[in-house]
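Residue numbers for the sequence shown follow the working numbering, so the first one is 238 and each next one is one higher. Cβ coordinates follow ideal geometry from the N, Cα and C atoms, glycine included. Below you'll find the structure, written out as structure tokens, and then a few comments.
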Amino acid sequence: MDEVKQLVTDIKNKQLKPIYFLMGEESYYIDKISDFIESTVLAEEERGFNQMVLYGRDVSIEDIVGNAKRYPMMAEYQVVIVKEAQDLSRTIEKLASYAENPQPTTVLVVNYKYKKIDKRKSLYKTLKKTGIVYESKKLYENQVADWIRRVLASKNYTISPKAAQMLVEFLGTDLSKINNELEKLQIILPKGTQISPDHIEENIGISKDYNNFELRKAIGERNTMKAYRIVHYFAENPKDNPMVVTVSLLFNFFSQLLHFHGLSDKSPRNVASALKVNPYFVKEYIEAARQYPMRKVSSVVSTLRQFDVKSKGVGASSVPQGDLLKELLVKILSN
């Protein structure tokens with residue numbers, strides 16, 4: 238995020254590079270940087286003659302270079318944006334010859350999503366000398382909640398740890414998808430609001446009581462009645478609560494619990510750092526460790542491995558996932 242901020246600051250200050258090659262698995266920042274250049278570098282009245290958007294599926298590298306070599310009309314720069322450039326992956330190395338001597342009055346933006354170029358080849362090495370190469374990496378799941386907090390803080394909102402975790406568990410690590418939901422909340426809620434689980438439930442449709450976060454907590458506390466209620470809800474709504482996701486999240490939780498048992502320093506600060514979790518959730522691990530000694534945690538992890546295979550249809554293709562989930566819960570709570 239700091240790298241993106243620096244890029245934005247430089248562009249604002251007209252410290253422009255002739256080529257911005259934006260690549261990587263996470264499309265959110267690629268879109269943000271490209272859109273910022275598209276809306277900032279040229280004044281509105283300059284864009285008609287000096288700004289064009291090309292699409293990788295419709296053009297060749299030669300087309301891109303031909304457009305990039307033009308001179309601007311009645312403006313200091315022209316902007317050429319290539320979207321979906323990953324469609325040119327077989328020929329992208331041909332851009333190296335232009336990158337060696339780019340047109341100084343052109344700002345060429347290449348959006349190369351979900352992939353990255355070979356860093357050993359000439360295009361990457363040349364781009365590093367004459368332009369900007371930005372790699373947008375996918376965030377790990379344990380980093381996304383913090384990203385949500387920072388994005389909201391920049392817009393004068395806060396969010397409770399549980400609400401942030403609900404978004405991550407329901408939407409995964411797709412930042413664009415999460416950002417779309419956050420923008421909906423910002424339209425509805427006044428600035429300064431702390432976004433709560435109730436806001437998430439009412440406006441996004443994620444149940445604050447029947448989700449993997451609450452199931453994990455109920456199992457960790459050995460709250461049998463609550464855990465069975467949630468699993469019954471999952472069984473009744475399998476499309477919104479796929480078993481493979483539930484098993485994966487429980488596996489991560491018990492794997493972290495195994496790590497917790499191995500820590501010599503079990504202070505909340507060290508636990509949060511070692512497990513890479515928000516300090517708000519440390520008490521859940523402390524309570525779960527009381528309920529599940531290390532031997533039992535190892536047994537649960539082994540059980541979850543078996544049910545991960547079953548949830549994918551191996552050896553249990555005819556068994557409804559709701560029934561499998563209930564069987565899994567019995568095995569965990571009987572450990």
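- Counting the other CB atoms within 10 Å of its CB gives residue 377 a total below 16, which places it among the exposed residues.
- At a Cβ-Cβ threshold of 7 Å, residue 570 and residue 483 do not count as neighbours.
- One Cα belongs to residue 396, the other to residue 331, and the distance between them is close to 47 Å.
- Taking C-beta separations shorter than 8 Å and ignoring five residues to either side along the sequence, the partners of residue 506 in its chain run 516, following chain order.
- Selection 425, 347 and 428 evaluated against residue 289 yields 347 as nearest (Cα-Cα).
- For the pair residue 394 and residue 333, the Cα-to-Cα distance works out to about 44 Å.
- Residue state for residue 261 is assigned as strand, using DSSP reduced to three classes.
- In the DSSP assignment, the residues bridged to residue 315 are 343.
- By the criterion of at least three beta-carbon pairs nearer than 8 Å, the region 525-535 is in contact with the region 446-459.
- Only residues of its own chain outside the window of five on either side were considered, and among them 310 have a CB closer than 6 Å to the CB of residue 286, listed in chain order.
- In the structure shown, residue 328 falls within a coil segment according to DSSP collapsed to helix, strand and coil.
- When C-alpha distances from residue 544 are compared across 493, 485 and 499, the shortest belongs to 485.
- Taking residue 261 as reference, the option from 565, 252, 339 and 355 with the minimal CA-CA separation is 355.
- Distance check between residue 345 and each of 535, 559, 510 and 255 places 255 closest, using alpha-carbon atoms only.
- Per DSSP, residue 369 is one residue of the beta strand (DSSP E) stretching across 369-372.
- Our two residues, residue 302 and residue 251, have alpha carbons roughly 23 Å apart in a direct line.
- It is roughly 10 Å from the alpha-carbon of residue 487 to the alpha-carbon of residue 542.
- Sequence-distant partners of residue 433 (beyond 5 residues in either direction) whose C-beta falls short of 6 Å from its own C-beta, in its chain, are 397 and 400.
- If you draw a 10 Å sphere on the C-beta of residue 280, you find fewer than 16 other C-beta atoms in it, and that means exposed.
- For residue 349, the secondary structure class from DSSP, reduced to helix, strand or coil, is strand.
- Put simply, of 328, 308 and 450 the residue whose alpha carbon is nearest the alpha carbon of residue 298 is 328.
- Take the alpha-carbon of residue 430 and the one of residue 421: they are about 14 Å apart.
- Take the alpha-carbon of residue 438 and the one of residue 445: they are about 6 Å apart.
- Here residue 497 has 522 and 526 as same chain residues with Cβ atoms under 6 Å from its own Cβ, once five neighbours each way along the sequence are excluded.
- The beta-bridge partner set that DSSP reports for residue 432 consists of 396.
- The beta carbon of residue 562 is closer than 8 Å to those of 468, 471, 472, 480 and 483 in its chain, skipping five residues each way along the sequence.
- For the options 403, 372, 337 and 502, the alpha carbon positioned closest to that of residue 264 is the one of 372.
- Nearest C-alpha to residue 408 among 491, 336 and 477: 477.
- 419 is the residue among 343, 419 and 366 whose C-alpha sits nearest the C-alpha of residue 386.
- The shortest CA-to-CA distance from residue 538 to any of 428, 253, 502 and 568 is the one to 568.
- Contact between residue 268 and residue 294 does not hold, since their C-beta atoms are separated by about 17 Å, which reaches or exceeds 8 Å.
- In the assembly as shown, residue 532 is an exposed residue. Its beta-carbon has fewer than 16 other beta-carbons within 10 Å.
- Under the criterion of beta carbons closer than 8 Å, residue 514 and residue 379 qualify as touching, at roughly 7 Å.
- Of all alpha-carbon atoms in 337, 415, 363 and 241, the one lying nearest the alpha-carbon of residue 274 is that of 241.
- For residue 289, the uninterrupted beta strand (DSSP E) run begins and ends at 288-292, by DSSP.
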